[in-house]
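Following: one structure in structure tokens, then a few remarks.
This is the structure:
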């Protein structure tokens, strides 16, 4: 019971019985609303490791209650008894039987995702007694007290290591022992033992990599990589296929170059086929080592992604291949860095795009970070990627997962959206007005429908192009790309049908739907063929894009030929037509001129759209070309199909009630004056 005005001291102590190592007391400052800890009124003192004390002065309110410290209960795990531990503290326990040292386990505090929980125990400070005994034999050899061979000790060590259970973090001690053995072998005292000890040491490294939790610290993996290549470099010629890696070693030839070939296997997106190293400016004997890891991704999760800033943009890379490590031994370190070439092949014969790929390198001096600036990427064949790098280290192939826009690109993208959007809206407006002209009747429906289809499809195509993500690996992949290609193909067919109908009209034949259906069939056949061949329809070089571009080009050429033929026919028959019928010929010549103008504007819009949709950096020339072509195409559509089409304007005025047809006097109507007059006679 606490009375107002009392001074209260609350002590929270760790349990007196059992181990109190790391058992912290309750964090009084955790709930700020309950105990804001105002200076001068509350004092919190930590009595680590015994607990903590809280002193309250001049309590303002009375109350009854209790405060309990939340701890993580101990228990048995991996054959060990763990003591009660406060959140945020480490619990310690003696290593299992047969091991020396102390193991620790972290009690993770409560978060928004989970409550208080134990982390995996860390056995990195536990050393097997049997391994220690074998290592003691090696120390007697290194100190000159034994004549046994080091290779025999290493083989025995590896056999015992394979028989031991895999505990989390238990690979630290074998790695430390292996490093000491390697240092001895690289010293003058171990010259005669080097060759015979290479394979047993590599077998130990393979066993350490076999278990995912042998190392709880990624720094140990980097250390293992270094000792692995140093061990392999002790052999002049090596070609071993281990469970976790493939290691090869070759001496340099007279040209100081070495080439390694690998048999691609695995489930990664990109597989290493070969690699080469050229030691530029090196003299003397040197051995080059190549290590291809099968599953180092699982051991180094922090290296799956890499983010770099290039020219004001943030680019995120995702690892697409396994790691390959290259090193050289026995060569002087001075001189220019070695030249490295890598060749990757795709698992499913994917068509590679150089702008969406990058080769990353990490060196022994900075093993925890990838750098994309040391390598250049090119695509010699559709399913092959070649990397040219400078310096030795660990390499991998990356794909671009995300790329932000720079400030200038954002501004230019806004310009593109405005201009292309206006151009597309003008095309759609022209199509709508042509359709409105059909409602009252009295005009040829088929030509108007074709004009509406031409304007509408080209407007929809450029608007769909704006919604494409230009940062993908292909140009506008997915449904939007196919919609854009289909609209352009259909618009080309509709435009081509107009001079075809004009030819029939000049020849005195009826304008039949079968002629239009033939062109529609060509368009449909081209689009379906592109779908069957596969690929992105806007990606330059893809089979689908070649088919779609060929179909549109064929229709544009046919349209141009038909328009020119119609122009020649009109010129031929002009002198044969009476003067009062010359207006008809003038209108048809205007139709031919409009068709030729639209062929040019639509072809320019299509070419600029395909160039803009290509992956990679958006160049200012592409943006200016697309904006200009889309805007010019929209203006051409409005001029040809609205402003210069008197029938369309007249019909639109009637439907929208915006012209004199609605406000004209009754006496001027075709029915005459039908008004009634009322007269009041007195």
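Numbering (full-length UniProt numbering), first residue to last: 1 to 682. Even for Gly, the Cβ is constructed at its ideal location relative to N, Cα and C.
Residue 446: member of the alpha helix (DSSP H) spanning 445-466, first to last residue. Residue 376 has 388 as its beta-bridge partners, per DSSP. Residue pairing from DSSP leaves residue 542 without any beta-bridge partner.
In this structure, DSSP gives residue 635 a helical state, which the three-state scheme calls helix. In this structure, 399 is the residue among 317, 399 and 319 with its C-alpha nearest to the C-alpha of residue 353.
Of the residues 448, 150 and 230, the one whose Cα lies closest to the Cα of residue 193 is 150. Non-local beta-carbon contacts of residue 391 in its own chain, meaning distances under 8 Å to residues more than five positions away in sequence, involve 337, 338, 340, 361, 363 and 374 in chain order. The DSSP assignment places 172-186 and 194-210 as complete runs of the alpha helix (DSSP H) inside the region 162-214, in order along the chain (cut-off: 4 residues). According to DSSP, residue 329 shares a beta bridge with 287. Here DSSP, grouped into helix, strand and coil, assigns residue 123 to coil.
Residue 582 and residue 574 have their C-alpha atoms roughly 7 Å apart.
If you ignore the 5 residues before and after residue 476, its C-beta comes within less than 6 Å of the C-beta of 468, 538 and 613, all in its own chain and listed in chain order. Counting other Cβ atoms within 10 Å of its Cβ, residue 474 reaches 16 or more and is therefore classed as buried. If you draw a 10 Å sphere on the C-beta of residue 212, you find fewer than 16 other C-beta atoms in it, and that means exposed. Following the DSSP letters along the chain, one finds residue 134 inside the alpha helix (DSSP H) bounded by residues 129-142. For the options 482, 570, 609 and 272, the alpha carbon positioned closest to that of residue 547 is the one of 482. The C-alpha of residue 529 is placed about 30 Å away from the C-alpha of residue 421. Taking the C-beta atoms as reference points, residue 223 is found no nearer than 8 Å to residue 296.
Residue burial is scored here from C-beta neighbours: residue 263 has fewer than 16 other C-beta atoms within 10 angstroms and is therefore classed as exposed. Look at residue 151 here: in three-state DSSP terms it is helix.
Nearest Cα to residue 172 within the set 101, 605 and 81: 101.
Here residue 326 is actually not in contact with residue 385; their C-beta atoms are around 17 Å apart, not less than 8 Å. A check of alpha carbon separations from residue 397 across 368, 549, 358 and 197 identifies 358 as the nearest.
For residue 314, the secondary structure class from DSSP, reduced to helix, strand or coil, is strand. Of the residues assessed, residue 106 falls on the buried side of the cut-off, its CB having 16 or more other CB atoms within 10 angstroms. If you draw a 10 Å sphere on the C-beta of residue 268, you find 16 or more other C-beta atoms in it, and that means buried.
No Cβ-Cβ contact shorter than 8 Å links residue 395 with residue 462. Note on geometry: alpha-carbon atoms of residue 228 and residue 610 lie some 50 Å from one another. Under the three-state reduction of DSSP output, residue 118 falls in the strand class. Pairing residue 161 with residue 207 gives a Cβ-Cβ distance under 8 Å. Secondary structure at residue 606: helix, using DSSP grouped into helix, strand and coil. Just so you know, the alpha carbons of residue 450 and residue 634 end up roughly 16 Å apart. A distance below 6 Å between beta-carbons, with the five flanking residues on each side excluded, links residue 594 to the following residues of its chain, in chain order: 640. If you check the CB distance, residue 299 and residue 418 do not come in under 8 Å. Distance between residue 605 and residue 654, taken at the CA atoms: about 33 Å.
Assigned with DSSP and collapsed to three states, residue 487 falls in helix.
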